[in-house]
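Notes for the one structure printed next.
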Amino acid sequence: MIKTTFVAAAALALVAGPAMAQQKTVKIGFISTFSGPTAVIGNDMRNAFELGLDHLGRKLGGLPVEVIYEDDTQKPDVGVQKTQKLIESDHVDFVVGYIWSNVLLASLKPLVDSKTMTVVTNAGASKFAGELCSPYVFSTSWQNDQTPEAMGLYMNQKGIKKAFLIGPNYAAGKDMLAGVKLTYKGAVVGEELTRWPDQLDFSAELSKARAADPDAIFVFYPGGAGVQFITQYVQAGLKGKIPLYQVFTIDELSLPRLKDLAVGIPGAQEWVNDLPNDANKKFVADYIAKYKKRPSFYGAQTYDAVGLINSAVTAVKGDLTQKEAMRKEMEKAVFSSVRGHFTYGNNHIPIQNFYLQDAVKVGDDYVLKTVATIVKDDQDRFHDKCPMK
Amino acid sequence: MAAPDRSWRLMLYFIEQCLNGVQLGMLLFLLAAGLTLVFGIMDLVNLAHGSLYMLGAYFAATFAVLTGSFVAAVALALIASLIAGMVLEVVAIRRLYERSHLDQVLGTFGLLLFFNEAVRLIWGPAGMTLALPPAMLTAVQIIPGVFYPAYRLVIILAALAVAALLYFVVMRTRLGMLIRAGASNREMVGALGINVKLLYTLVFGLGAALAGFAGVMQAPILTVQIGMGENILILAFVVIIIGGIGSIRGAFVAAIFVGLVETVGRAFLPDMLHRILSTNAAATLGPALSSMSIYMVMAAILVFRPEGLFPAASR
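If you read the protein sequences in the order shown, they are chains A and B.
Numbering-wise (the numbering used here), the first sequence opens with residue 1 and increments by one.
Numbering-wise (the numbering used here), the second sequence opens with residue 390 and increments by one.
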């Protein structure tokens with residue numbers, strides 16, 4: 001009798017023990033590309049994330065923060081390995097990052113299966129906005145089709161009747177070309193998907209575009225490939241002959257290298273440096289002061305992730321096991337985003353404005369300027385495929 | 390008037406793509422010439438050749454910023470590549486001559502990794518750009534209806550000039566005679582009392598200068614970044630295998646051939662596949678098939694004529 005009570009008491013103590021343990025820090029795993037030519041993007045994201053944490057006094061919801069940075073080297077297989085390491089070995093509370101849609105898609109299953117709260121700060125693969133949506137995964141960027149859809153609307157406004165589309169042959173490239181075809185009403189006289197990421201000489205595709213005699217060329221080439229495309233486009237004598245409309249090809253990272261070559265080429269984006277809200281003014285000013293260069297949209301989206309996570313941790317008063325409560329809070333999107341206020345769709349993709357940006361020369365400097373709002377409160381078209389309500 | 394007009398335009402488009410192919414071929418020739426010389430004379434497999442290409446590009450971008458002149462940057466970058474090549478030979482490469490090919494592959498691969506990191510430490514991970522003088526930012530109408538970027542024409546002409554210069558040096562000068570002799574039978578050259586060590590250093594330096602020149606020429610088109618030499622190095626190896634190791638003439642012919650197949654294949658195969666497959670499949674299959682075709686030719690050469698199209702050595 002005493003023995004049974006003793007065993008029962010011991011078992012009770014064992015069970016009660018772990019429940020008494022308190023969450024001491026917020027552990028965040030950050031996955032991006034920190035090596036190779038696209039490391040500039042990863043560094044920009046890391047800079048913005050660090051700045052966001054500094055702005056909150058290195059505390060999220062009152063708890064100190066620990067960030068573990070991992071490099072996916074732009075490869076899906078490495079990305080999924082690092083994701084699994086963060087989940088299984090480091091036991092992180094949040095996973096943040098993902099530049100590339102293919103890396104994200106590969107890493108989605110381990111994240112969802114382990115019910116790890118995830119904030120995606122760039123990749124916008126259509127699948128994860130649709131069938132693969134999860135209550136644990138949020139985006140502070142967009143769904144891939146949204147930005148080119150906005151550009152398609154602008155191309156209609158400019159009266160483009162024949163367009164030639166060029167992009168890289170991977171998940172995001174295909175999404176971008178599909179996105180512009182959704183809203184653009186004119187004829188598509190040619191479509192080229194190039195080998196990614198190793199094909200960097202676009203002479204064949206540019207020759208094809210010239211031969212097709214379109215009113216405009218639409219292009220998507222992120223990172224260093226964008227610099228190469230724009231350079232070759234200008235060298236082919238096409239600037240001034242066939243106008244170029246781009247998404248994600250000219251940004252604050254590639255602009256200092258392109259300089260005059262980029263001037264006058266319009267782009268669509270959900271965030272531009274000069275958006276007039278207070279959160280953005282503070283972000284841009286402090287980023288320039290700390291890092292001596294302007295942030296890009298990659299950084300802006302990552303900075304927003306800090307605000308989003310902070311709102312969640314604050315709402316559950318530091319008890320990170322309350323994932324339902326955190327999810328509900330994050331869905332409200334109550335934090336001050338640098339792109340201005342936005343709301344979340346049922347698939348946790350932002351419903352937001354898209355702006356027309358242009359590259360201009362100001363003195364000796366090259367900046368991106370907001371020219372107009374192309375579309376307000378745009379929602380991606382995959383949200384009905386998502387089973388969440 | 391529509392039908393003849395269309396096939397005429399297709400013809401012009403084909404010519405433009407052929408020019409692109411020739412331009413790639415010229416670039417490959419510059420790389421392959423250095424590689425084949427080093428392989429032929431010193432029997433050295435040099436995986437770090439792509440790094441010399443990358444260094445040439447970085448030197449040019451840096452000198453362009455320092456001097457503000459494109460031409461000065463090119464000239465200085467060439468000299469810097471030559472010196473870098475000779476220093477590399479004296480410091481590291483000459484220890485590998487006596488070793489097996491596998492050891493050479495490992496050693497030069499290590500150098501490749503070393504150079505990638507060194508470049509990242511010195512110049513940062515972001516890469517650089519080499520801006521062209523505005524005069525070259527236009528397209529030239531070579532034949533009515535065919536517009537070709539002026540700069541790519543410059544590359545073709547410059548590479549042809551280098552090829553002619555190389556031919557002159559190899560065929561008509563004493564150094565060239567020693568190079569040909571060394572490619573044929575290096576032991577005999579040593580036995581004849583020639584300072585083989587110096588010859589090797591010069592040959593390696595020459596190869597490095599050629600690679601650097603290729604890097605400089607390509608920099609304004611492809612921008613300068615870490616690891617830029619690796620993909621093109623593979624093609625360069627294919628070129629020297631097809632052309633014949635140690636043969637510059639072979640490198641020239643094979644380079645043009647490889648450049649044409651790669652470019653024209655990439656341009657036309659997807660359209661031809663379009664008629665039978667969907668856009669997605671054609672876009673993925675086309676470039677893959679055209680790359681494959683080059684390796685299939687290389688495989689065929691290895692089976693039927695392993696010494697290459699224009700063998701240099703008669704060992």
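Where is the CB? At the ideal position from N, CA and C, for every residue including glycine.
From the options, pick the residue whose C-alpha is nearest to that of residue i; which is it?
i, options, result
"Leu591 of chain B", "B:Arg395, B:Ile430, B:Arg398, B:Leu419", "B:Ile430"
"Asp71 of chain A", "A:Tyr245, A:Leu60, A:Gly97", "A:Gly97"
"Gly654 of chain B", "B:Val543, B:Gln406, B:Gly496", "B:Gln406"
"Lys290 of chain A", "A:Asp54, A:Ile28, A:Thr25", "A:Asp54"
"Ile544 of chain B", "B:Ile532, B:Met525, B:Gly534", "B:Met525"
"Ile615 of chain B", "A:Val247, A:Asp198, A:Arg58", "A:Asp198"
"Ile87 of chain A", "A:Thr118, A:Met388, A:Gly57, A:Lys59", "A:Thr118"
"Lys109 of chain A", "A:Tyr136, A:Leu244, A:Asn122", "A:Tyr136"
"Val92 of chain A", "A:Leu308, A:Leu200, A:Leu111, A:Val219", "A:Leu111"
"Ala163 of chain A", "A:Ala212, A:Gly179, A:Gly79, A:Gln146", "A:Ala212"
"Tyr170 of chain A", "A:Arg327, A:Asp260, A:Phe220", "A:Phe220"
"Val227 of chain A", "B:Arg509, B:Gly516, B:Leu485, B:Ala689", "B:Gly516"
"Tyr556 of chain B", "B:Gln607, B:Leu419, B:Gly534", "B:Leu419"
"Gln232 of chain A", "B:Leu519, B:Ser682, B:Arg694, B:Ala466", "B:Leu519"
"Val247 of chain A", "A:Ala268, A:Leu238, A:Gly42", "A:Ala268"
"Ile390 of chain A", "A:Gln357, A:Gln146, A:Leu63", "Because chain A is modelled from 1 through 389, residue 390 of chain A falls outside the range shown and cannot be assessed."
"Leu752 of chain B", "A:Asp364, A:Ser336, A:Gly237", "Any question about residue 752 of chain B goes unanswered here, given that chain B covers just 390 to 704."
"Leu63 of chain A", "A:Gln81, A:Ala39, A:Thr38, A:Ile28", "A:Ile28"
"Asn346 of chain A", "A:Val95, A:Cys386, A:Asp145, A:Gln143", "A:Cys386"
Residue i CB to nearest chain A CB: under 8 Å?
i, result
"Ala765 of chain B", "Any property of residue 765 of chain B remains undetermined from this structure, which presents chain B solely from 390 to 704."
"Pro358 of chain B", "Past the edges of chain B, shown from 390 to 704, lies residue 358 of chain B, and the structure says nothing about it."
"Tyr540 of chain B", "yes"
"Ile610 of chain B", "yes"
"Gly616 of chain B", "yes"
"Val498 of chain B", "The amino acid at residue 498 of chain B is misidentified as Val; the sequence shows Phe. No, because no Cβ of chain A sits closer than 8 Å to the Cβ of Phe498 of chain B."
"Glu405 of chain B", "yes"
"Tyr442 of chain B", "no"
"Thr518 of chain B", "yes"
"Arg398 of chain B", "yes"
"Tyr447 of chain B", "no"
"Tyr705 of chain B", "Given that chain B is displayed from residue 390 to residue 704, the structure contains no residue 705 of chain B and the question cannot be resolved."
"Phe459 of chain B", "no"
"Phe536 of chain B", "yes"
"Asn435 of chain B", "no"
Please confirm if residue i has its CB atom under 8 Å from at least one CB of chain B.
i, result
"Thr73 of chain A", "no"
"Lys109 of chain A", "no"
"Val234 of chain A", "yes"
"Ala172 of chain A", "no"
"Leu200 of chain A", "yes"
"Asn169 of chain A", "yes"
"Lys208 of chain A", "yes"
"Ala390 of chain A", "As shown, chain A starts at 1 and ends at 389. That puts residue 390 of chain A outside it, with no answer to give."
"Ala39 of chain A", "yes"
"Thr231 of chain A", "yes"
"Gly36 of chain A", "yes"
Would residue i pass as an interface residue toward chain C - the criterion being a Cβ-Cβ separation below 8 Å?
i, result
"Leu521 of chain B", "Note that chain C does not occur in the displayed structure, where the protein chains are A and B."
Residue i: beta carbon under 7 Å from a heavy atom of the ligand PLP?
i, result
"Lys241 of chain A", "Looking for the ligand PLP in the displayed structure turns up nothing, as the structure carries no ligands at all."
Q) Do three or more CB pairs link the region 648-656 of chain B to the region 480-500 of chain B at distances below 8 Å? A) No, they do not touch.
Going along the region 236-264 of chain A in order, which residues come within less than 7 Å of chain B, judged by CB to CB distance? The residues in question are Ala236, Gly237, Arg257.
| For the region 329-378 of chain A, which segments carrying the beta strand (DSSP E) assignment without a break, of at least 3 residues, lie completely within its bounds, in sequence order? | Runs of the beta strand (DSSP E) inside the region 329-378 of chain A: 350-362, 365-378.
Discussion item. Which complete alpha helix (DSSP H) runs does the region 111-167 of chain A hold, if anything under 4 residues is left out?
Written reply: 126-129, 146-157, all fully within the region 111-167 of chain A.
Should the region 371-379 of chain A be regarded as contacting the region 345-352 of chain A, the criterion being three or more beta carbon pairs within less than 8 Å?
-> Put simply, the region 371-379 of chain A touches the region 345-352 of chain A. At least three CB pairs are less than 8 Å apart.
- Message: Closer than 8 Å is the cut-off here; do at least three beta carbon pairs connect the region 658-665 of chain B with the region 632-645 of chain B?
- Response: The way I'd put it, the region 658-665 of chain B doesn't touch the region 632-645 of chain B; fewer than three beta-carbon pairs between them come closer than 8 Å.
Interfacial residues, the region 212-228 of chain A to chain B, with Cβ spacing under 7 Å: Residues Gly224, Val227, Gln228.
Worksheet entry | Selection of the region 570-594 of chain B by Cβ proximity to chain A, strictly under 7 Å | Within the region 570-594 of chain B, no residue qualifies.
Within 8 Å, do at least three Cβ pairs link the region 27-36 of chain A to the region 71-80 of chain A? The region 71-80 of chain A vs the region 27-36 of chain A: in contact.
Which full runs of the alpha helix (DSSP H) of 4+ residues lie inside the region 177-240 of chain A, going along the chain?
Complete alpha helix (DSSP H) runs here, min 4: 203-212, 224-235.
**OP:** With a floor of 4 residues, list each alpha helix (DSSP H) that falls wholly inside the region 267-295 of chain A, ordered by position along the chain.
**Re:** Qualifying alpha helix (DSSP H) stretches, in chain order: 278-291.
- Message: Counting only Cβ-Cβ distances shorter than 8 Å, please list the residues of the region 405-421 of chain B near chain A, keeping chain order.
- Response: Closer than 8 Å at the C-beta level to chain A, one finds these residues of the region 405-421 of chain B: Glu405, Gln406, Asn409, Gln412, Leu413.
Threshold first: 4 residues or longer. Then list the alpha helix (DSSP H) segments lying entirely within the region 529-582 of chain B, N to C. Fully enclosed alpha helix (DSSP H) runs of 4 or longer: 539-561, 563-573, 575-580.
Practice problem: Determine contact between the region 593-605 of chain B and the region 473-484 of chain B, defined as no fewer than three beta-carbon pairs at a distance below 8 Å. | Solution: With the rule of 3 Cβ pairs closer than 8 Å, the region 593-605 of chain B counts as touching the region 473-484 of chain B.
Notebook entry, point to check: Counting pairs of Cβ atoms below 8 Å between the region 451-458 of chain B and the region 418-433 of chain B, do you hit three or more?
Noted result: In short, these stretches do not touch, since the Cβ pair count stays below three.
Quick one: any contact between the region 267-282 of chain A and the region 147-156 of chain A, if contact means 3 or more CB pairs under 8 Å?
Yes, since at least three Cβ pairs between the region 267-282 of chain A and the region 147-156 of chain A fall closer than 8 Å, the two stretches touch.
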